[in-house]
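Here the sequence shown is numbered in the working numbering, starting from 58 and rising by one per residue. Glycine included, each C-beta is placed from N, C-alpha and C at the ideal position. In this text, all values refer to a predicted model and were calculated from it rather than measured experimentally. Below is one structure, written out as structure tokens, with a few remarks after it.
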Amino acid sequence: MDNRFAVPTLSLLTAMFAIVGCDGGDSAQRVSGSVTFNGQPVESGYITFSPTSAGQSFAAPIVGGKYSSDKAAAGSYQVLVTATNDAPIAASREEAAKQSAERRKKGPPQHIPENATGNGQTVEVKDGDQTLDFALTGPPRG
């Protein structure tokens with residue numbers, strides 16, 4: 058190769074690597090916290106973080122009013138909380154009967170309207186571990 062092309066070619070390659078970068082992409086942050094509805098822990102459900110601009114959504118299960126995810130990228134997210142009536146799969150008939158009795162005692166599953174106060178709010182996920190608690194309020198299902 059001719060030396061008069063070697064220096065410009067090397068400079069061009071160096072500039073391309075500097076522009077593109079090679080940092081391996083966004084690093085994941087750990088986000089955790091508590092979720093309540095009308096002052097009561099959300100026993101079972103999901104919390105979903107949807108980016109307000111470009112980026113990827115992530116979600117975490119809510120168990121006993123707590124959630125945790127290590128898949129968050131720093132940025133602005135809209136948060137949606139959904140309650141479910143999930144229960145672990147029973148290992149025996151006795152366990153299934155016990156779970157059924159507990160569900161009857163608790164009553165119907167918790168319902169969180171999408172328009173409950175605090176649902177759909179925008180939060181900022183920052184670099185590093187972060188605790189984000191959500192206290193939603195609204196009329197109970199009637």
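| query | In whole angstroms, what separates the C-alpha of alanine 173 from that of proline 118? | reply | 19 Å
Notebook entry, point to check: By DSSP, does serine 125 sit in helix, in strand, or in coil?
Noted result: In this structure, DSSP gives serine 125 an extended state, which the three-state scheme calls strand.
Please classify glutamine 178 as buried or exposed, where buried requires at least 16 neighbouring CB atoms within 10 angstroms. exposed
For tyrosine 124, which residues from the same chain have a beta carbon less than 7 Å from its beta carbon, with the 5 sequence-adjacent residues on both sides left out? Ser89, Gly90, Val92, Ile104, Ala117 and Pro118
Grab me the residues of aspartate 186's own chain with a C-beta within less than 6 Å of its C-beta, minus the 5 sequence neighbours each way, in chain order.
-> Arg87
For proline 108 versus serine 133, is the C-beta spacing smaller than 8 Å?
-> Yes, these two residues count as a Cβ contact at 8 Å.
Helix, strand or coil: which one does DSSP assign to glutamine 113? In this structure, DSSP gives glutamine 113 a state outside helix and strand, which the three-state scheme calls coil.
task: Alpha carbon to alpha carbon, how far is alanine 154 from valine 136? Give it in angstroms, no decimals.
output: 35 Å
**Item:** The beta strand (DSSP E) enclosing isoleucine 104, as first and last residue numbers
**Value:** Start and end: 101 to 108.
- Message: Please tell me whether alanine 158 and lysine 128 are closer than 8 Å, where the distance is taken between their beta carbons.
- Response: no
query = If glycine 121 and glutamate 152 are in contact, beta carbons under 8 Å, what's the gap, nearest whole angstrom?
reply = Between glutamate 152 and glycine 121 the Cβ distance is about 18 Å, and since that is not below 8 Å, they are no contact.
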